[in-house]
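Enquirer:
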Amino acid sequence: MDLKLYDTLTREKRVFRALDPSNVRMYVCGPTVYDFAHIGNARPVIVFDVLFRLLQRVYGAEHVTYVRNVTDVDDKINARAAEEYPDLPLNEAIREVTKKTDKQFHDDVAALGCLSPTHEPRATEHVGEMRELIERLVKSGNAYVAEDNVLFSVASMPDYGRLSHRSLDEMIAGARVEVAPYKHDPRDFVLWKPSKPGEPAWPSPAGIKTPGRPGWHIECSAMAWKFLGETFDIHGGGIDLVFPHHENEIAQSRCAFRTPVMTNYWMHNGFLQVEGEKMAKSAGNFVTIRELRTGWRDFSWPGDVLRFAMLSTHYRQPFDFTHFSLEQAAVALNVFSTFAYPTAGAKPSNEFLEAMHDDLNTPRAIAELHRLLKASKEGAFELTDRMSRPGAMLIDSDFSAAEQLAAGLDYLGINISNYDRDWTRKQSFSGVSPQLKSKIDDLITARAEARTRKEWKESDRIRDELAKMGVVLKDTKDGTTWEIAR
RNA sequence: GGCCACGUGGCGGAGUGGUUACGCAACGGUCUGCAAAACCGUGUACCCCGGUUCAAUUCCGGGCGUGGCCUCCA
């Protein structure tokens, strides 16, 4: 079964061919660590985790190298550090901020069921490689020094702009390019710049005496090079990174190594919206992963729910994050968890695999999961029916659909055997005082007694009374359960 | 202003040049003392206008709408 991936550069879905099947290499742009990661940050992490898992299955876990960087040098970090630790020297304050944020990020991402990448290099630990690249670019005439800055000369690369499909002229037409007097061309971008006093600083390349710090784009070129080589298989990130970040990465890497391509597949996930609108702090609809986990609108959601909700939309489509999208995901996971039957070595159904191989068509794969759920239910009911007969045996029962369901969920990175389907009910209880809870239990007991006496009026009166308190009853074979109406 | 993506039934969301996506909700039924839950069943939708075609939601062009990028925001 061929794996097909959509490549932003060529704008087509192509069969994926690894440069080296014994070492498939993927690079994904990671977080800038200055604050809690928001749910928008979660999307590429989840999407490329799914791809990582798929590649591992296709090529073998030990034959895939996945690199996701940590950007720990950035103006936003500096600003945050100065704000949070005004009494510390800036560099120490920065270390505090990046250390703390990095840990938060990893906690959150683990809760979303994401595997650790093979390498998670930090920008500040690879300044040497960045300098090396810059030296090469200056030597090759693709970069120049101006007032202690090193700038990439866009004009030196004839096919600059291919990824974002912008011609050089168009970029000027846009006209919102930062103009600095020392730039040869307004489109040129910074590879290295001098540090202000107190800021993080490293020895500069290209004979510059003043210590400086790297521009944003160079770190990814450097770390991808170090861990994956001059060219590699897949480079991923959010669609907003296409320009200028990825365009500039291509320019740096290809010109430094004289290669026709930086990576064979450029993959970009679509943006996230919240209730149909752009998520922004100013709009007041900003949601962090941490909030979601610990209480968003009075509800704490398991990471698997956000993960599944996101995978219900194809990764290139915009994902609209809503309360309803979480509820739908939770409903699906709850019912999946009751029927899925994890078995070592079980494989997902063919239709599921086809969908996943078709540019990670997770919505189609999930539709197949629903079909397997249906088949699992039928199997389960048939089994219950047989077990109710004397002398029934368990043997020869068909669990294949339930096994394929669990295996499919596993492909999506959802460990269904660890999924706690009672979490909604527990949450309902958590908001209820012990006194109220015992009152509810008393009323339910009273109703049960009334029902055994067939005093329907009284039992219905009690049910109404509970309903007024917001308590909804569910009668099952094994007794009555209840939950708080939402 | 430039570049790009998207626009499918009440909602979410796949897909296809002519045949059922799927899920949620809704509706009908079974079950239940009655409900709820559970189970079974039902849905003919593809922004507008042209064009290509025997046939377009699907291809092409235009329009409208939404969103993204053009500013070191995933």
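Per my numbering: the first sequence = residues 1 to 486.
Heads up, the beta-carbon is just placed ideally off N, CA and C, and yes, glycines get one too.
#1: Out of R43, I444, K4, L5, state which residue places its alpha-carbon closest to the alpha-carbon of N269.
#2: By the DSSP assignment, the beta strand (DSSP E) with D320 in it spans what residues?
#3: Does DSSP put Y411 in a helix, in a strand, or in coil?
#4: Quick check: what's the CA-CA separation for L306 versus L112?
#5: With 16 other CB atoms within 10 Å as the buried threshold, where does V45 fall?
#6: So the candidates are D358, F36, D108, L191; which of them puts its Cα closest to the Cα of P244?
#7: Would you kindly work out how many angstroms separate the C-alpha atoms of T445 and T452, rounded to a whole number?
#8: Which residues in the same chain have their Cβ closer than 6 Å to the Cβ of G198, if we skip the five residues on either side of it in sequence?
#9: For W423, name the three-state secondary structure that DSSP assigns.
#10: Could you name the residues that DSSP lists as bridge partners for Q273?
#11: Straight-line CA distance for S325 to A309?
#12: How far does the beta strand (DSSP E) with W192 in it reach, from first residue to last?
#13: When you compare each of M279, L466, G413, R57 to S438 by their alpha carbons, which one comes out closest?
#14: Which residues in the same chain as V58 place their Cβ atom closer than 7 Å to its Cβ, once the five residues preceding and following it in sequence are excluded?
#15: Along the chain, where does the alpha helix (DSSP H) containing L133 start, and where does it finish?
#16: For a quick check, are the C-beta atoms of R11 and T65 less than 8 Å apart?
#17: Select from K468, D460, E219 the residue whose C-alpha is nearest the C-alpha of D475.
#18: State the CB to CB distance for the pair V150 and I134, rounded to an integer number of angstroms; the pair is presumed to be in contact (CB under 8 Å).
#19: Just curious, the alpha helix (DSSP H) that I440 is in, first and last residue?
#20: Between the segment 22-41 and the segment 72-81, can you find at least three pairs of beta-carbon atoms closer than 8 Å?
#21: Evaluate P121 with the Cβ neighbour count: other Cβ atoms within 10 Å of its Cβ, from every protein chain shown; 16 or more gives buried, anything less gives exposed.
#22: With DSSP as the reference, label M26 as helix, strand or coil.
#23: Measuring only the C-alpha atoms, how far is D159 from G303?
#24: Closer than 8 Å by C-beta to C220: which residues in its own chain qualify, once you throw out the five before and the five after it? Chain order, please.
#25: Please check the pair G215 and F189, which I expect to be a contact at CB under 8 Å, by giving their CB distance rounded to whole angstroms.
#26: Rounded to whole angstroms, what's the CA-CA distance from T322 to Q328? Just pull it up for me.
#27: Roughly how many angstroms separate the alpha carbons of T362 and P348, rounded to a whole number?
#28: Do the segment 341-358 and the segment 287-303 meet, that is, are 3 or more Cβ pairs less than 8 Å apart?
#29: So, are the CB atoms of N264 and D233 less than 8 Å apart?
#30: Using DSSP with H/G/I as helix, E/B as strand and the rest coil, what is R297?
#31: Label A110 either buried or exposed according to how many other C-beta atoms from any shown protein chain fall within 10 Å of its C-beta, with 16 as the threshold for buried.
#32: State the start and end residues of the unbroken alpha helix (DSSP H) segment that holds K100.
#33: Where in the segment 312-372 do unbroken runs of the beta strand (DSSP E), each at least 3 residues long, occur, reported from the N-terminal end onward?
#34: For A402, which of M130, G470, E368 has the nearest alpha-carbon?
#35: Can you give, in chain order, each stretch of the alpha helix (DSSP H) that sits fully within the segment 52-79 and has at least 4 residues?
#36: As a quick exercise: from R162, E458, K374, pick the residue whose alpha carbon is nearest that of V242.
Expert: Answer, in terms of the structure:
#1: R43
#2: 319-321
#3: helix
#4: 7 Å
#5: buried
#6: L191
#7: 11 Å
#8: L90
#9: helix
#10: K278, D320
#11: 6 Å
#12: 189-194
#13: L466
#14: L3
#15: 127-139
#16: no
#17: D460
#18: 5 Å
#19: 434-452
#20: yes
#21: buried
#22: strand
#23: 42 Å
#24: Y27, C29, N69, H245, E249
#25: 7 Å
#26: 10 Å
#27: 13 Å
#28: no
#29: yes
#30: coil
#31: exposed
#32: 90-111
#33: 319-321
#34: E368
#35: none
#36: R162
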